[in-house]
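Protein chains in written order, with my numbering: chain R, 26 to 550; chain B, 23 to 453.
This report concerns only the one structure given below.
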Amino acid sequence: MMQEQTIATEVLIIGGGVTGAGVMRDLSLRGLHTLLVDKRDLCAGASGGNHGLLHSGARYVSNDPHSAGECRQENELLKKLAPQCVEQTGGLFVAVEGDDPGFAEYFPHLCRQVAISCEEIAISEAKRLEPHLSDRIFKVYRVADATIDPFRLALENVAHASAASGSRYLPHTEILGFEIADGEIRAALCRDTRTNSLLRVVAKQYVNAGGAWAMDISRLAGCTDVNLLYSKGTLLVSHDRMTRHVINRLRLPGDGDILVPGGTVSVLGTTSVRTMNLENIRPTVAEIDLNVKEGAAMIPALATARYIRAFSRVRPLLQCNLGDDDREAKRGFALLDHTSQGLANFCTITGGKLTTFRLMAEKTADLVAARLGNNEPCTTTSVPLPDGEACRWTEPGASPKYWYHANNADDMILCECEMVPQSAIDEIVKGAPGAEKEMTLEAIALRSRAGKGPCQGSFCGIRICSYLYDRGYYRDASGLRHMRDFFNERFKGQKTVIWGQQAAQMELAEALHCGLLGLDTLEEE
Amino acid sequence: MKEEVRNLTTQLAVIGSGIAGFAASIFAVRRNIAVAQIGNTGAVAYTTGYLDLLGKEDGSPAAVIDPWQALDTLAATQPDHPLAKIPAADIRRSFTEFTAFLGECGIAYGKPQDHNVTALTPAGTLKQTLCVPATMAAGPRAYAEKMPCVIIDFNGLKGFSGRQVAANLQDRWPGLTTERIGFPDMSHGEIYPEVMARALEVPATREKLADLLKKAAGEAQVIGLPAVLGMHRPDHVKAELERLTGLTIFEIPTMPPSVPGIRLREMFEQVLPEKGVTLIPQQKVTALSFDSGAATLCLCDSFGPIRLRAETVILATGRFLSGGLEAGLTGIREPLLDLPVTQPESRAHWYCDRYTDSRGHAIHRAGIEIDSSFRPLMTGGRPYSERLFAAGVILAHQDWIRGRSGAGIAIATAYKAVEAAERFLSSSSSS
Numbered sequence: 026m027m028q029e030q031t032i033a034t035e036v037l038i039i040g041g042g043v044t045g046a047g048v049m050r051d052l053s054l055r056g057l058h059t060l061l062v063d064k065r066d067l068c069a070g071a072s073g074g075n076h077g078l079l080h081s082g083a084r085y086v087s088n089d090p091h092s093a094g095e096c097r098q099e100n101e102l103l104k105k106l107a108p109q110c111v112e113q114t115g116g117l118f119v120a121v122e123g124d125d126p127g128f129a130e131y132f133p134h135l136c137r138q139v140a141i142s143c144e145e146i147a148i149s150e151a152k153r154l155e156p157h158l159s160d161r162i163f164k165v166y167r168v169a170d171a172t173i174d175p176f177r178l179a180l181e182n183v184a185h186a187s188a189a190s191g192s193r194y195l196p197h198t199e200i201l202g203f204e205i206a207d208g209e210i211r212a213a214l215c216r217d218t219r220t221n222s223l224l225r226v227v228a229k230q231y232v233n234a235g236g237a238w239a240m241d242i243s244r245l246a247g248c249t250d251v252n253l254l255y256s257k258g259t260l261l262v263s264h265d266r267m268t269r270h271v272i273n274r275l276r277l278p279g280d281g282d283i284l285v286p287g288g289t290v291s292v293l294g295t296t297s298v299r300t301m302n303l304e305n306i307r308p309t310v311a312e313i314d315l316n317v318k319e320g321a322a323m324i325p326a327l328a329t330a331r332y333i334r335a336f337s338r339v340r341p342l343l344q345c346n347l348g349d350d351d352r353e354a355k356r357g358f359a360l361l362d363h364t365s366q367g368l369a370n371f372c373t374i375t376g377g378k379l380t381t382f383r384l385m386a387e388k389t390a391d392l393v394a395a396r397l398g399n400n401e402p403c404t405t406t407s408v409p410l411p412d413g414e415a416c417r418w419t420e421p422g423a424s425p426k427y428w429y430h431a432n433n434a435d436d437m438i439l440c441e442c443e444m445v446p447q448s449a450i451d452e453i454v455k456g457a458p459g460a461e462k463e464m465t466l467e468a469i470a471l472r473s474r475a476g477k478g479p480c481q482g483s484f485c486g487i488r489i490c491s492y493l494y495d496r497g498y499y500r501d502a503s504g505l506r507h508m509r510d511f512f513n514e515r516f517k518g519q520k521t522v523i524w525g526q527q528a529a530q531m532e533l534a535e536a537l538h539c540g541l542l543g544l545d546t547l548e549e550e
Numbered sequence: 023m024k025e026e027v028r029n030l031t032t033q034l035a036v037i038g039s040g041i042a043g044f045a046a047s048i049f050a051v052r053r054n055i056a057v058a059q060i061g062n063t064g065a066v067a068y069t070t071g072y073l074d075l076l077g078k079e080d081g082s083p084a085a086v087i088d089p090w091q092a093l094d095t096l097a098a099t100q101p102d103h104p105l106a107k108i109p110a111a112d113i114r115r116s117f118t119e120f121t122a123f124l125g126e127c128g129i130a131y132g133k134p135q136d137h138n139v140t141a142l143t144p145a146g147t148l149k150q151t152l153c154v155p156a157t158m159a160a161g162p163r164a165y166a167e168k169m170p171c172v173i174i175d176f177n178g179l180k181g182f183s184g185r186q187v188a189a190n191l192q193d194r195w196p197g198l199t200t201e202r203i204g205f206p207d208m209s210h211g212e213i214y215p216e217v218m219a220r221a222l223e224v225p226a227t228r229e230k231l232a233d234l235l236k237k238a239a240g241e242a243q244v245i246g247l248p249a250v251l252g253m254h255r256p257d258h259v260k261a262e263l264e265r266l267t268g269l270t271i272f273e274i275p276t277m278p279p280s281v282p283g284i285r286l287r288e289m290f291e292q293v294l295p296e297k298g299v300t301l302i303p304q305q306k307v308t309a310l311s312f313d314s315g316a317a318t319l320c321l322c323d324s325f326g327p328i329r330l331r332a333e334t335v336i337l338a339t340g341r342f343l344s345g346g347l348e349a350g351l352t353g354i355r356e357p358l359l360d361l362p363v364t365q366p367e368s369r370a371h372w373y374c375d376r377y378t379d380s381r382g383h384a385i386h387r388a389g390i391e392i393d394s395s396f397r398p399l400m401t402g403g404r405p406y407s408e409r410l411f412a413a414g415v416i417l418a419h420q421d422w423i424r425g426r427s428g429a430g431i432a433i434a435t436a437y438k439a440v441e442a443a444e445r446f447l448s449s450s451s452s453s
């Protein structure tokens, strides 16, 4: 067995979703040193697999008014404190012929009850704002929905935490178990999933922010009080941005009823299927077809749109919150202090949603700080999230601006779809949260727009790989395996949406990757 | 202004301008058949210049060293594969005739041999192929003999890294090193292979480059470059650079669309009309119908609509990239004639979970069915028309990507389709 290394910190946070990153920042701003670990990378779970919708709260007024109120409050805060991660698109709720007119009438009343602003607008005005809306809509309300980039949000939270207290983030670091004695966790044993080397983390407090994996992690510590059910959601990404606003179907939550713009694309979803499985979650053709059919009721152009990607993620649902349909389940979060389980320095935060991540982090950090005798108050309600240099590359449409502004002809564009230049790759490899000596193409893509355009990385993957060889980051055949793994990973999201022009795109990509470069015959290490 | 419909007639109309379409026109011209060829010539620019026959075993990552023996295996295990339906002697003849024609037109190629050539790729991997252009031939030789060699790359040329090539071959080719230089008169910003290739048609540029190459080569006698050695006279450009430097030089293909592909396209577009082919490039046939006397093709060029009457037609429209097949939400179709397409049961079966699965994806085996005379079949097994033939990767039961067999299928099936069309033409003229 390899020699294990030991790292000491005040707080170990497990899970690099937005919640874990938020807890890291909150504690760091209170002067605490933290270590964040994730078995894959930032936003690898539900944080990176959702609409990117910053809810106004209107979505939850019918079945979960408490969460609706929390959303309203967090929506206002994040727009103010993290504007670089937010696009203030506004949102529309539209009722389509066949939807319940009673619900449509009652909707503003529900919103008023939790102080959510909701303004009815004329059909003609709605059509002027969003020409793609169906002719069959009969009621439209405008709300304060916006969009948020969860990747940038997580990156900026981690970067701020590092700057504030020297906190660290380690990707591809998996928890194997805990050393427990006298009612306390003494250490966490971790494994680097790339090198298999072992790491022992000695902390005073341990936070489980594992999202859908929170139940598994809590059980490693012998806790049986985290009870989750899993709901698989599938979403798809169109080649073009279809609307300016977030478009919600004005009915009880159902399949394919939210369309959210995300920079240059739109994201349509979601379906909802109960699952037992957390790994290898993939979209199915049936889920894609259902989303397209339902989405087209609001926006008919969705039926013939070009799609470039689909993805599925599992969201954790707290068993106590369930309703008949998983989408009607209450979307509140739970913070468990595990004292009933005989542990004094372990807690679990799970459930909730992207919009309320900061609030979840605040509640968790309050508990952890109190347990450490730290009396500093939470400041994430007033301190703006700084705009980190190495974190800015995930914003759609931003790289061309930086590139054009810098006006350096020698700084060549490597991802031509999204115009990501060499300097972006350099900046990420040098200074992005989680950067390391030999970064995978996936890790670089997660920190930039590379591979997010219509070719889905099939050309820029090759160019970026060559560039990393040029710069000496890749030195042997492992670079080609990184390239192959990147294409395999991107393909998971492409497989179910390959028709029309994407079929032509894929044929060219495969001819290049396999026919010419032979990535289907690479030897394993 | 009313546009007059121009009426044209021909013995053979070739629809499609990939390797299969051009091969069909070449074989027909050499048999004194009057040919008109229509289609977007884009796809040829995506070829690397390598002409593969069979480079990889089906369903496994194993490389094919002897493609002729692999054809025997193919005939036994996959009797429906288009190459399994063609005698090996005909396949060899088709390659010999095709490459000889390319050589006559200024792009010399190696003749098909008994074994595949182990060729280089821009990623530093190796690839089995049957025929390589003369400009690339020294690469496989240098690799086989492990000669000291320097891969030269250029400032500003992205996607081609000498370091990458060397890093991936270093364990098998210790004498391989790399140097980076600036291209003459293009020292700043991004540079493009096509522009470099055209610049090297100019003697002064060659002289400047030769000086740089000599310095970069050091002790090595052989150097490899990205494929930029001229656009119209590549063999001449290579010979001149070798004369000026005293070195042996070879090209490695770059990412598509690469210079070797563009060379072929520009050569075809220039030479075929000189040989009597009515070439209508960058146009699409909008309708195709058959009556008892001939086929009628409707299309337009920049002068207006054309009605082309053809005694025979070869459909060489390719797959998804070229528009010969269309993949829709509910299935795959052939858009021009709505020919039946053999395909997986549903879209859910098109692709494996793993992209680089060496077994390949079922969607690539979809395509149209043909009889032994390369005539497309309707449901029920009857030929669509006695005047219609098909060639190239539109045919079912092959995976040209995983088989490394794209050019082989294109050239050999074009050869057979022309042969069948010729038989039809001579039987109808004699009756």
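For glycine and all other residues, C-beta sits at the position ideal for the given N, C-alpha and C.
Bridge partners of Gln-59(B), per DSSP? Val-36(B) and Leu-301(B)
So what does DSSP say about Gly-71(B), is it helix, strand or coil? For Gly-71(B), the three-state secondary structure derived from DSSP is coil.
For the stretch 208-231 of chain B, which residues have a beta carbon sitting closer than 8 angstroms to at least one beta carbon of chain R? His-210, Gly-211 and Glu-212
Does DSSP classify Asp-207(B) as helix, strand or coil? Three-state result, Asp-207(B): coil.
By how many angstroms is the C-alpha of Ala-369(R) removed from the C-alpha of Leu-106(R)? 33 angstroms
Can you tell me which residues form a DSSP beta bridge with Ala-171(R)? Leu-79(R)
Hey, quick one: how far does the beta strand (DSSP E) through Lys-149(B) stretch, first residue to last? 148-151
Please report the straight-line C-alpha distance between Leu-73(B) and Val-139(B), rounded to a whole angstrom. 10 angstroms
Determine the burial state of Leu-201(R): buried for a count of at least 16 other Cβ atoms within 10 Å of its Cβ, exposed for fewer. exposed
When DSSP builds the beta bridges, which residues end up paired with Ser-47(B)? The partner list for Ser-47(B) (beta bridge, DSSP) is empty, contrary to what the question assumes.
Using a Cβ cut-off of 7 angstroms (strictly closer), state whether Arg-369(B) contacts chain R. Taking CB atoms only, Arg-369(B) has a neighbour in chain R less than 7 angstroms away.
Are Asn-75(R) and Leu-379(R) closer than 7 angstroms when you measure CB to CB? yes
With DSSP collapsed to three states, give me the class of Val-7(B). Chain B is shown from 23 up to 453; residue 7(B) falls before or after that span and cannot be answered.
In its own chain, which residues sit with a C-beta less than 6 angstroms from the C-beta of Gly-235(R), not counting the 5 before and 5 after it? Ile-39, Gly-40 and Ile-242
Give me the chain R residues within the contact set of Leu-343(B), using Cβ-Cβ distance strictly less than 7 angstroms, ordered along the chain. Correct list: Ala-529, Glu-532 and Leu-533.
With DSSP collapsed to three states, give me the class of Cys-322(B). strand
Whose C-alpha, out of Gly-350(B), Arg-202(B) and Ala-56(B), is nearest the C-alpha of Val-522(R)? In terms of Cα proximity to Val-522(R), the closest of Gly-350(B), Arg-202(B) and Ala-56(B) is Gly-350(B).
Please check if any C-beta of chain R sits within less than 7 angstroms of the C-beta of Arg-185(B). At a cut-off of 7 angstroms between beta-carbon atoms, Arg-185(B) makes contact with chain R.
Neighbouring residues, chain R, relative to Lys-512(B) (Cβ below 9 angstroms): Residue 512(B) lies beyond the range of chain B shown here (23 to 453); nothing can be said about it.
Straight-line CA distance for Ala-386(R) to Val-393(R)? Our two residues, Ala-386(R) and Val-393(R), have alpha carbons roughly 10 angstroms apart in a direct line.
According to DSSP, simplified to helix, strand and coil, what is Ser-256(R)? strand
List the residues of chain R that Pro-206(B) touches, going by C-beta distances under 9 angstroms, in chain order. Under the 9 angstroms cutoff, chain R gives no residues; its nearest Cβ is about 17 angstroms from Pro-206(B).
Under a three-way DSSP split, which group does Tyr-332(R) fall into? strand
Chain B contact residues for Leu-537(R), given Cβ-Cβ distances below 8 angstroms: Met-277 and Pro-278
Taking DSSP's pairing of strands, which residues face Tyr-194(R) in a bridge? Bridge partners of Tyr-194(R): Leu-61(R).
In the DSSP assignment, what are the bridge partners of Glu-145(R)? Tyr-166(R)
Would you mind reading off the limits of the alpha helix (DSSP H) that contains Cys-136(R)? Note, Cys-136(R): alpha helix (DSSP H), 126-138.
Beta-carbon contacts of His-264(R) that lie in its chain and below 6 angstroms, excluding the five residues immediately before and after: Arg-331, Ile-333 and Pro-479
Could you have a look at Phe-176(B) and say whether DSSP puts it in helix, strand or coil? strand
Locate the beta strand (DSSP E) running through Gly-294(R), then write down its first and last residues. 290-294
Tell me, to the nearest whole angstrom, how far the beta carbon of Leu-261(R) is from that of Gly-294(R); I am working on the premise that it is less than 8 angstroms. Contact flag correct, Cβ pair sits at about 7 angstroms.
Among residues of its own chain, excluding the 5 on either side of Arg-161(R), which ones have a beta-carbon nearer than 6 angstroms to its beta-carbon? Val-121 and Glu-122
Contact set between Pro-190(B) and chain R, taken where Cβ atoms lie within less than 7 angstroms: The question names Pro, but residue 190(B) in the sequence shown is Asn. The contacting residues are Ala-502 and Leu-505.
Does DSSP put Met-26(R) in a helix, in a strand, or in coil? At Met-26(R) the pLDDT is 49, less than 50, meaning the model places this residue with poor confidence; the figure from the coordinates comes in the next sentence. Three-state DSSP puts Met-26(R) in coil, outside helix and strand.
Here's the rule: buried if 16 or more other CB atoms are within 10 angstroms of the residue's CB, otherwise exposed. What is Ile-87(B)? exposed
If you compare alpha carbons, which of Ala-326(R), Glu-401(R), Cys-248(R) and Ile-32(R) is closest to His-157(R)? It is Ala-326(R) whose Cα lies nearest to the Cα of His-157(R).
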